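These notes concern the structure reproduced below.
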Amino acid sequence: MASAPPDHRTVRRWNQRTLAPWLFLTPGLFMFAVYVLWPIVESITLSFYDWNGLYNQDGEFTGTFVGMGNYAELMTDPAFETSLWNNLKWLVLYMAALPIGLFIAIFLNQTVTGIRLYKSLFFFPFVISQVVVGLIFAWFYAPNFGLFYLLTEAVMGQGTAILADPDLVTYGIIVAGLWPQIAYVMILYLTGLNNVAPDQIEAARLDGAKGWRMLWYVVLPQLRPATFIAVIVTVIGALRSFDLVSIMTTGGPFGSSRVLSYYMFEMALGEFGFRMGYGAAIAVVLFAIMMIFISGFIWKMWRDEKER
Amino acid sequence: MVHRKAGALALVAALLMSTSAIAQDKRVVTWNADYDPIPLAAAEALIADFEAANPEIDVQLTNFDHEAYKNAIRNFLTADPPDLANWYAANRMRPFVEAGLFADISDVWANNGLNESLASSVLSSTIDGKQYAIPYTYYQWGIYYNRDAYAAAGVELPGEGGVTWEQFLANCEKFKAAEIDCVTTGSSALWPVAGIFDYLSLRTNGYQFHSDLAAGRISWTSPETRAVFAEFAKLQPYVTANHAAIDWQDAAAIFVQNKAAHYVMGNFAVGVFKEGGMTNDNLGFMVFPEITPGIARAEEAPTDTIHLTSGAKNPDDAKTFLAYIASAEAQSKWNAAVGQLPTNKDATVDPADPFLTAGFQALSTATGGIAQFWDRDADAEYAKAGMEGFQQFLVQPDQLEAILERLEQTRLRLYPQ
């Protein structure tokens, strides 16, 4: 046995151990480099330029280097400040999707005839496109004929047009965003609830636990993976809130409902924008904010993997 | 990223063109446009006439969706320039002229006597003394009024020359008592409020002031600008509430349903009013009332233009076509089909259309000048900041100082003194 030719085997083993993973990784790495890393580098570079998005007739770049100029301007830009505050409102209020989603999930986690139908109905808002959600809520809030407007008119005598009110508009859009987000969180918790160990529930019940204590000490700890995912999708959902703002208000009235992602679009690609460098600078700031959360999540996942 | 988009676009354009490139032996002129169905049919009729007169030239029109065009033009002018491209006059064409993407066509203007026949549009087609555009249509702005709403509120109809500003505001008070919005607008897209502001500015301080304000040469905190906002404040209580949440078509519905008496709008809205059931009997048009006596009357008339691109492959034939588009005959035909006004002073207007006739009359007697509209007279970023300020003032008139302060800061940043 010992005299068997080792070279063949080692080469093969080397291939299997070292080369093969890279071969399998190549397509993914290539895609990641071209569609993720390269645009990031490109955006950061662009954020140091003042450029209107035009190449000249010979296809040459027409931008001028301004260093940190775009970032300096951001610091004093009231619209940027508004967007930042609105993003914060989104982040905080979007978290309401977690308890509400959990509540609905627990409510639906029972065996009654037709429960599948109820579950699908609750899940429905997540299935329809954000654009449609935005349109539905825009009509719901619409002055003169919107249901919400008519309701407030009936109750308070004076109708409230949420989307025309600079102080309320962001909350109005967040509520619209919460509708599908709650459904998303609910479905995450529903699958999580399927995996809750029945014997532990049984044991807890024998020990006399019920209601809130049962939920807090027995069920919730088992739902931690679901909660983790729900927090991630909710944070990301809040930060990339673009479609609803675009559909419902286009950032108005007078820019009061802007968020960073929409302001970036407005500056870079909007009708009155085409300031590519400034838009890129906003994108970089948004990216930095997201990185804070993303690194947190990655760190936590890394720690969990290691514990195993 | 930009390049990849352009590539996809070029592919689409190539596919479109391959279907129409039948006549191989003819000299081809390519034209990228952004027409809705009716203007598109009118443009195709013009092409047919032109090709009948010039059988050796084949004009190939590639039509884009109106909104998509605004982005597409930025790519195709570099990646795959057609010979001709649609765009807008004045400051809207400036970025393309400065990047060297639109070609100087002063020779077309000189050789065809366009400086006389298109006299009203010379300024808006010129940058640094050279012409870069062929204006072929515009439409007037003004006040459209609802005669039924006047009757419902018991207000006397405006006469032939419109009403005075004092009378207008007094009428507004009566409309308010009758629970009718005196002036309606839907400002969710911002630009409709710019129409109101432009007229207040033109009527308070005149064309030159307004033009300088749009160009960033006048302070927002100057007494003249404050005077404009003082007039704006008089109008503010009579404008439809919640206008910030509705778009201009929603406001048109309010107007058509007799819940509003006036609408400061462009002539393109007439089609929408008539679709809503209004007729020439209850829809009226008047010019915006005079505010400061003795100021030469200026009007707003945004102009649409066609440009020769710098990358044109067949500039000679393209110029022949541009000269044709500038002619009275072509402009009469296109504008009659679309319901807009020709820029050529020798062109004719359908006498049966009271709004076109009134508009033609209003514009041809506007001795003060023709403004293009706030978002075309002012640079893009400045225009947007301004419109947000106008909208905010209509919603929160008590914030005037903050608005003017912010606009002034924007002005000083964009136009360092």
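Sequence order for the protein chains is A and B. Numbered per my numbering, the first sequence spans residues 1 to 308. Numbered per my numbering, the second sequence spans residues 1001 to 1417. Quick reminder that beta carbons are idealized off the backbone N, C-alpha and C, glycines included. Note that the structure is a prediction, hence the values are computed from the model and not measured.
When you compare the CB positions of residue i and residue j, do they come within less than 9 Å of one another, or not?
i                       : j                       : result
residue 282 of chain A  : residue 74 of chain A   : yes
residue 1256 of chain B : residue 1271 of chain B : no
residue 201 of chain A  : residue 219 of chain A  : yes
residue 82 of chain A   : residue 163 of chain A  : no
residue 1378 of chain B : residue 1216 of chain B : yes
residue 1059 of chain B : residue 1047 of chain B : yes
residue 1285 of chain B : residue 1358 of chain B : yes
residue 1369 of chain B : residue 1267 of chain B : no
residue 193 of chain A  : residue 97 of chain A   : no
residue 1315 of chain B : residue 1083 of chain B : yes
residue 1057 of chain B : residue 1322 of chain B : no
residue 1226 of chain B : residue 1302 of chain B : no
residue 1318 of chain B : residue 1331 of chain B : no
residue 1238 of chain B : residue 1172 of chain B : yes
residue 1101 of chain B : residue 1220 of chain B : no
residue 204 of chain A  : residue 217 of chain A  : yes
Decide if residue i is buried, meaning its Cβ has at least 16 other Cβ atoms within 10 Å, or exposed.
i                       : result
residue 1143 of chain B : buried
residue 306 of chain A  : exposed
residue 1 of chain A    : Here residue 1 of chain A scores only 46 on pLDDT, less than 50, and its place in the model is too uncertain to base an answer on.
residue 258 of chain A  : buried
residue 1389 of chain B : buried
residue 253 of chain A  : buried
residue 1025 of chain B : exposed
residue 1075 of chain B : buried
residue 24 of chain A   : exposed
residue 1210 of chain B : buried
residue 1022 of chain B : Confidence is the limiting factor: at residue 1022 of chain B the pLDDT is only 48, short of 50, which leaves the residue's position unreliable, though a coordinate-based value still follows. So residue 1022 of chain B counts as exposed.
residue 1386 of chain B : buried
residue 1121 of chain B : buried
residue 112 of chain A  : exposed
The alpha helix (DSSP H) with residue i in it runs from where to where?
i                       : result
residue 1075 of chain B : 1066-1079
residue 184 of chain A  : 169-194
residue 1223 of chain B : 1223-1235
residue 148 of chain A  : 147-156
residue 23 of chain A   : 20-32
residue 144 of chain A  : Where residue 144 of chain A is concerned, there is no enclosing alpha helix (DSSP H), given that its DSSP letter is neither H nor E.
residue 233 of chain A  : 224-239
residue 1212 of chain B : 1207-1214
residue 947 of chain B  : Not covered by the structure: residue 947 of chain B. The range shown for chain B is 1001 to 1417.
residue 1305 of chain B : Not the alpha helix (DSSP H): residue 1305 of chain B falls in the beta strand (DSSP E), residues 1303-1308.
residue 90 of chain A   : 78-94
residue 274 of chain A  : No alpha helix (DSSP H) contains residue 274 of chain A, which DSSP labels as neither H nor E.
residue 1371 of chain B : Careful: residue 1371 of chain B lies outside any alpha helix (DSSP H), inside the beta strand (DSSP E) at 1369-1371.
Along the beta strand (DSSP E) that carries residue i, what are the first and last residues, could you check?
i                       : result
residue 1300 of chain B : 1298-1300
residue 1027 of chain B : 1027-1033
residue 1085 of chain B : 1084-1088
residue 1341 of chain B : Residue 1341 of chain B -> no beta strand (DSSP E), and no H or E assigned at all.
residue 1059 of chain B : 1057-1063
residue 1146 of chain B : 1141-1146
residue 1261 of chain B : 1260-1266
Give me the chain B residues within the contact set of residue i, using Cβ-Cβ distance strictly less than 9 Å, ordered along the chain.
i                      : result
residue 318 of chain A : No answer is possible for residue 318 of chain A: the residues shown for chain A start at 1 and end at 308.
residue 250 of chain A : 1188, 1189, 1190
residue 183 of chain A : Near residue 183 of chain A there are no residues of chain B at all, since even the closest Cβ is about 26 Å away, more than 9 Å.
residue 125 of chain A : Ordered by position in chain B, no residue passes the 9 Å Cβ test against residue 125 of chain A, which lies about 22 Å from the chain.
Please list the partners that residue i has in chain A, where partner means a Cβ-to-Cβ separation under 8 Å.
i                       : result
residue 1395 of chain B : 164, 166, 253, 254
residue 1101 of chain B : 54, 56, 57
residue 1310 of chain B : 57
Chain A partners of residue i, CB-CB under 7 Å?
i                       : result
residue 1070 of chain B : 271
residue 1161 of chain B : Correct list: empty, because the minimum Cβ distance to chain A is about 34 Å.
Which residues in chain B have a C-beta closer than 8 Å to the C-beta of residue i? List them in chain order.
i                      : result
residue 274 of chain A : 1074, 1095, 1380
residue 154 of chain A : Residues of chain B passing the Cβ test: none, with the nearest at roughly 17 Å.
Identify the contact partners of residue i in chain B, using a Cβ-Cβ distance below 7 Å as the criterion.
i                      : result
residue 161 of chain A : 1242, 1245
Residues, ordered as in the chain, of the segment 1379-1393 of chain B that lie near chain A by beta-carbon distance below 8 Å = Hits within the stretch, in order: 1380, 1381, 1383, 1384, 1388, 1389, 1391, 1392.
Of all the residues that make up the segment 36-70 of chain A, which are near chain B by a beta-carbon distance shorter than 8 Å?
-> Listed by position along the chain: 39, 42, 52, 53, 54, 55, 56, 57, 59, 62.
Chain A contacts from the segment 1227-1248 of chain B (Cβ-Cβ distance under 8 Å) | Under the 8 Å Cβ criterion, the segment 1227-1248 of chain B contributes 1241, 1242, 1243, 1244, 1245, 1246.
Scan the segment 116-149 of chain A for residues whose Cβ lies nearer than 8 Å to a Cβ of chain B and list them as they occur along the chain.
-> Those would be 141, 142, 143, 144, in chain order.
In the segment 1075-1090 of chain B, which residues sit with their C-beta less than 7 Å from some C-beta in chain A, listed in chain order?
-> Under the 7 Å Cβ criterion, the segment 1075-1090 of chain B contributes 1078.
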